[in-house]
Amino acid sequence: MTARPEQTDPYAGSTETYARSIRQLAEVTRQAETERAEADTWYERQCAAATRAVRDAEHSVRRAEAEVAAAQEEVDGTEAEVIHLWSTLRGQLGSADRRIGEPPVPQGGGPADTETLLDGVRELLDRARRPGELPGATRPLLAAFGVLGAAGAYALGVAARAVGVRYGGDLAVAMPVLALLVTLLGPVVGLAPARVLADRRHAGLDVRAVLMVVGAGALTTGALFALLR
Numbered sequence: 017m018t019a020r021p022e023q024t025d026p027y028a029g030s031t032e033t034y035a036r037s038i039r040q041l042a043e044v045t046r047q048a049e050t051e052r053a054e055a056d057t058w059y060e061r062q063c064a065a066a067t068r069a070v071r072d073a074e075h076s077v078r079r080a081e082a083e084v085a086a087a088q089e090e091v092d093g094t095e096a097e098v099i100h101l102w103s104t105l106r107g108q109l110g111s112a113d114r115r116i117g118e119p120p121v122p123q124g125g126g127p128a129d130t131e132t133l134l135d136g137v138r139e140l141l142d143r144a145r146r147p148g149e150l151p152g153a154t155r156p157l158l159a160a161f162g163v164l165g166a167a168g169a170y171a172l173g174v175a176a177r178a179v180g181v182r183y184g185g186d187l188a189v190a191m192p193v194l195a196l197l198v199t200l201l202g203p204v205v206g207l208a209p210a211r212v213l214a215d216r217r218h219a220g221l222d223v224r225a226v227l228m229v230v231g232a233g234a235l236t237t238g239a240l241f242a243l244l245r
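Converting from the sequence shown to this note's numbering requires adding 16 to each position, the first position being numbered 1.
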């Protein structure tokens, strides 16, 4: 009896290959999904970082704009205060003093603490606004003003009386009265040049200065009355 030959499955190899391909496809799919998930995570992180960067940049811009606005406000306030102080200085020195000119133009690289400088200027202007006393060296000049003022007034009085005598009539009555009034005002005439002297020295006429001028004028008037009457 003859044995039958062993039969083989013609699809066995194909089945194994197919199964292996399926496993490989599944592995590739899993890796692709993993990489896609990592890519999505990276993208989300980048978007979040970009959003934070934009938000921080916007915050920085707003803060910078606020600082610029505050700085501009400070600059405007400083310029206005400088113009005010400059006009105050010109008013104290007199409008005829053309050496003052216009307010100085700001220079770059100057000190940042402008408020301290402005306070110093205000203090100096306040000191200059308060008149000081005339120095002792001006006392002879004050006495001379009193003497010259009284002498000039007395001379005008003499001239007025002479006019009354010369032309007669109503002038003969009015001019002696006018001459007496002018002569009596002689002691205070010297106060006018004394005031000019005090203004030029940015000082005030105190009681002693006034008494010196008026006293010298009164002595001069009395001496002229005694000598020429």
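For every residue, glycine included, the Cβ atom is placed at its ideal position computed from N, Cα and C. Just so we're clear, the structure is a prediction, and the values are computed from it rather than from any experiment.
query                                                                                                     : result
Contained alpha helix (DSSP H) runs [length at least 4] in the segment 131-205, N- to C-terminal order    : 155-183, 186-200 and 202-205
Sequence-distant residues of its chain with Cβ nearer than 6 Å to Val205 (five each side left out)        : Gly165 and Ala169
Boundaries (first-last residue) of the alpha helix (DSSP H) holding Asp215                                : Leu207 to Arg216
Minimum C-alpha distance to Asp222 - residue among Leu105, Glu43, Thr154 and Glu74                        : Thr154
Same chain only: Cβ atoms within 7 Å of Met191, ignoring 5 sequence neighbours per side                   : Ala176, Arg177, Val179 and Gly180
Given Gly202 as reference, the closest of Glu43, Gly220, Ala232 and Pro151 once Cα atoms are compared     : Ala232
Which of helix, strand or coil DSSP assigns to Met17                                                      : Any reading at Met17 must be qualified, since the residue scores a pLDDT of 46, below 50, and its modelled position is unreliable; no value is offered.
Cβ-based neighbour list, Leu134, same chain, cut-off 6 Å, excluding 5 preceding and 5 following           : Glu97
Among Ala188, Gly152 and Val198, nearest to Ala167 - alpha-carbon criterion                               : Val198
Contacting residues, own chain, Cβ-Cβ under 7 Å from Thr237 (five flanking each side not counted)         : Ala166, Tyr170, Thr199, Gly202 and Pro203
Those residues which DSSP pairs with Gly220 across a bridge                                               : Glu149
Val91 to Ala225 span [Cα, whole Å]                                                                        : 46 Å
Classification of Gly173 by the beta-carbon crowding that lies within 10 angstroms, buried from 16 upward : buried
Alpha-carbon spacing of Gln47 relative to Ala69, whole angstroms                                          : 32 Å
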